[in-house]
Every structure is written in structure tokens, then in C-alpha cells.
Amino acid sequence: MSADKTSSPTGVDPRRYFEHAGSDLGVTAASDPVCLYIETTNRCNLLCTTCPRTYEDMEPPADMSWELFTGIVDQFPAVPRVVLHGIGEPMLVRSLPRMIRYLKERGAYVLFNTNGTALTPKKGQQLIESGLDELRVSLDAADRASFKAVRGVDYFDRIVHYVRTFTKRQRALGAERPRVSLWLTGLKETLDQLPAFIELAHSLGVGEVYLQRLVYFPEGQGMAHPDSALFENLTAAETGLLRAAEERAQAHGIRFDASGATEPGTSVKKGTGVQPWSLCRRPWTVMYFTAHGQALPCCIAPFAVRGYEHISLGDATQETLRAIWNGERYQALRKALMSDRPAASCANCGLRWSL
23 MSADKTSSPT GVDPRRYFEH AGSDLGVTAA SDPVCLYIET TNRCNLLCTT CPRTYEDMEP
83 PADMSWELFT GIVDQFPAVP RVVLHGIGEP MLVRSLPRMI RYLKERGAYV LFNTNGTALT
143 PKKGQQLIES GLDELRVSLD AADRASFKAV RGVDYFDRIV HYVRTFTKRQ RALGAERPRV
203 SLWLTGLKET LDQLPAFIEL AHSLGVGEVY LQRLVYFPEG QGMAHPDSAL FENLTAAETG
263 LLRAAEERAQ AHGIRFDASG ATEPGTSVKK GTGVQPWSLC RRPWTVMYFT AHGQALPCCI
323 APFAVRGYEH ISLGDATQET LRAIWNGERY QALRKALMSD RPAASCANCG LRWSL
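Residue numbers for the sequence shown follow our numbering, so the first one is 23 and each next one is one higher.
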């Protein structure tokens with residue numbers, strides 16, 4: 023399925039931001055980024071078995087300060103798309119609605135992923151009033167037992183109740199935004215839940231479902247290990263489950279896609295070419311900042327490489343964004359991505375997981 027078109031200050035469709043870099047690429051980006059990932063917090067209230075922060079400290083726990091947030095945003099005030107999540111849970115941040123309003127006043131398309139545990143009626147109302155464009159709920163299961171196995175806690179019923187209450191409130195208000203979607207990480211252990219996951223979305227009044235690719239450390243941790251990954255490793259039975267989910271989604275009028283603005287079947291197929299990572303355009307289109315202001319290559323980098331000191335491209339508390347964007351470290355990242363020796367954070371895109 024193709025992504026919807028959404029207006030933006032630059033005319034770029036913000037749902038397909040990463041495609042907007044030309045084929046004539048150099049080590050210097052010719053344009054400003056069209057998307058900012060802002061890690062509003064690195065704190066979380068879950069212990070997901072597919073997340074690196076469950077097993078090691080990435081940075082000291084922190085919420086991004088208002089001063090750092092506005093300092094980043096104000097340097098690219100016309101950026102068309104802003105994603106307000108990283109490795110933490112955004113809804114733990116008290117100033118989140120204020121951040122969203124600040125961005126909407128500048129015309130940005132704003133979204134974030136949430137685990138849904140803090141989507142209380144009060145906070146849900148605040149999100150509706152803020153003008154948020156998309157609310158992505160990472161649920162990962164269609165029942166309590168599977169949810170606990172992946173997420174580490176027994177909050178399934180709470181999240182389902184909150185999502186149902188939220189969508190009901192939206193309908194009562196006639197509020198079309200935010201668009202609500204449910205996300206399921208693609209795991210061998212839970213793929214059989216996918217058809218039921220579609221049915222759950224339908225029962226909750228959610229019109230979009232996404233299959234999230236699994237990214238894992240080379241040695242694997244928890245359920246984030248190679249044996250759990252679906253990428254280029256689907257059996258005939260698993261392919262049948264994808265088809266069954268697609269049929270149910272079509273019957274219910276539910277949009278069923280995968281992360282990276284692609285279809286589920288495509289997302290788990292091996293990339294084309296001998297250097298699949300070279301297809302990536304994020305270093306020419308996207309900037310990612312941690313809660314402490316460190317610039318990272320992309321949202322996958324924290325899952326792909328241990329130690330931010332090895333992958334940081336700059337510090338927003340010490341440097342301007344434009345100095346970082348075309349500084350030596352960003353140029354080196356781009357040069358490596360176009361070679362047969364990409365940076366460690368990029369080397370396995372298209373090999374262990376899809377772009």
C-alpha cells in the first residue's frame with residue numbers, strides 16, 4: 023500500500039521523508055533535513071525483551087529539557103516532520119503536549135510511538151487538543167500471555183482499555199487526529215498472533231496496523247536475536263499467516279503496512295544489490311537527537327551498536343545543527359555508506375534487517 027500524502031511546508035510528503043534525497047549524493051548534504059527524531063525521554067516503565075535499554079544503560083536517565091528541545095527545533099523551524107520518540111516512553115514526559123503544540127505552530131507533521139500504558143483519559147484529551155498527527159501504539163501481542171513474554175509486564179488489559187477509551191473519545195468529539203495505529207514487532211514467537219492482532223485493532227476502532235521489523239544486537243539479547251527474526255527467513259506457514267492477516271485487514275477496511283513505509287511482505291525480504299545499505303537515504307534527510315542532545319545516525323543505531331560514543335555525530339548542546347549536519351563525522355558516515363565498508367551502525371541494514 024502506498025503512504026498517504028500529507029501537506030508540509032516544503033512540499034515533502036512527511037510519511038515518506040527518507041526517500042527525498044537525490045541519486046547524485048555526496049558527503050555533504052545539499053539540503054536541510056526533512057525529519058527530526060527528538061528523543062523526548064530515555065526513561066521507560068517497561069522491560070521489553072526486544073529493547074536494548076532493558077539490558078544496558080545507554081545514557082543517564084533524563085527527559086529532554088525544554089531549552090534543548092526548542093534550541094533544536096528553532097534551528098530548523100520549517101522541518102516538515104518531527105518524531106518525538108527514541109528509546110524511552112514519550113508519555114512519561116509532562117511537557118509532551120506543549121512540545122507538540124510548539125511544533126504544530128510551525129506547521130510540522132508530528133507523531134510518536136507509545137507503549138500505551140500512560141494513555142489515560144486525561145492525557146488522551148491533551149493529545150487530541152495538542153494537534154498531534156499520529157499516535158502509534160506498540161502493543162506487540164493479541165493476548166495477555168504473549169504480551170507479557172515480549173514486554174516483561176502484565177499491562178495488556180490496561181493498554182487495550184486505554185486505546186478503546188481513546189478512540190471512543192475521538193469519535194464522540196469528531197476528532198480525526200491523531201491517527202491511531204497498532205504495531206506488532208515481527209517475531210517468530212508471535213507472528214501467529216498477527217491475524218488476531220488485526221481483529222483486535224478492528225474491535226478497538228483502530229484503522230491501521232503495522233508489522234515492525236526486529237532489529238537485534240549481533241549476539242542477541244532477550245527475544246532480540248537472529249533466531250526470532252523474520253527477515254529473509256519466512257517459512258511457508260509464516261507466509262500464510264501474513265496473507266491471512268492481509269485478508270482480514272482488507273475485510274475490515276484496515277490499512278496493513280510495515281515499518282519503513284512498505285508492505286509487510288516486502289519488509290521481511292532481503293534487500294537488492296551487493297551493498298543494500300547503500301540504498302539508505304537517512305544520512306541525507308534525517309537527524310536524530312538523544313535526550314541529552316547527542317546526534318545519532320538514525321533511530322536504528324541505538325539497537326545496532328553498543329555505546330553511543332562510537333556513533334555520535336555531534337552534540338547539540340555544544341554545536342549548531344548545521345555544523346553537525348555537514349561536519350566531519352556526518353561526512354565520514356555518508357562516505358562510508360556509499361562504500362563497501364559502511365559504519366558499524368549501518369553495516370547490517372539490508373543484511374540482518376530490512377532498510
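All C-beta atoms, glycine included, are put in the ideal place defined by N, C-alpha and C.
- Considering only V228, V49, C368 and L256, the residue with the shortest C-alpha distance to E211 is L256.
- If you ignore the 5 residues before and after V115, its C-beta comes within less than 7 angstroms of the C-beta of T62, T63 and D85, all in its own chain and listed in chain order.
- Boundaries of the alpha helix (DSSP H) harbouring Y352: E350 to L359, taken from the DSSP string.
- Taken through DSSP and simplified to helix, strand or coil, D179 comes out as helix.
- In summary, P112 is buried, with 16 or more beta-carbon neighbours lying within 10 Å of its beta-carbon over all protein chains present.
- Taking C-beta separations shorter than 8 angstroms and ignoring five residues to either side along the sequence, the partners of T136 in its chain run H107, E111, P112, M113, L157, R158, V159 and S160, following chain order.
- Looking at the DSSP output, I60 shares a beta bridge with F311.
- Around the Cβ of V296, a 10 Å sphere holds fewer than 16 other Cβ atoms; the residue is exposed.
- If you draw a 10 Å sphere on the C-beta of P143, you find fewer than 16 other C-beta atoms in it, and that means exposed.
- Nearest C-alpha to C371 among L301, Q353, H314 and A345: L301.
- For L204 and G262, the gap between their C-alpha atoms comes out near 21 angstroms.
- Counting only the Cα atoms, R304 lies some 15 angstroms from I333.
- Distance from the CA of A280 to the CA of Y59, rounded to the nearest whole angstrom, comes to 19 angstroms.
- When DSSP reads this structure, E230 sits in a beta bridge with S203 and R277.
- The DSSP-derived three-state label of R128 is coil.
- Counted as a single uninterrupted DSSP element, the beta strand (DSSP E) harbouring Q316 occupies residues Q316 to L318.
- The beta carbons of A164 and Q234 sit no closer together than 8 angstroms.
- Residue environment: R173 is assigned as buried (16 or more neighbouring CB atoms within 10 Å of its CB, all protein chains considered).
- By the beta-carbon neighbour count (other beta carbons within 10 angstroms, threshold 16), L355 is buried.
- A check of alpha carbon separations from L236 across N348, D162 and R128 identifies D162 as the nearest.
- The shortest CA-to-CA distance from L149 to any of M121, E268 and R65 is the one to M121.
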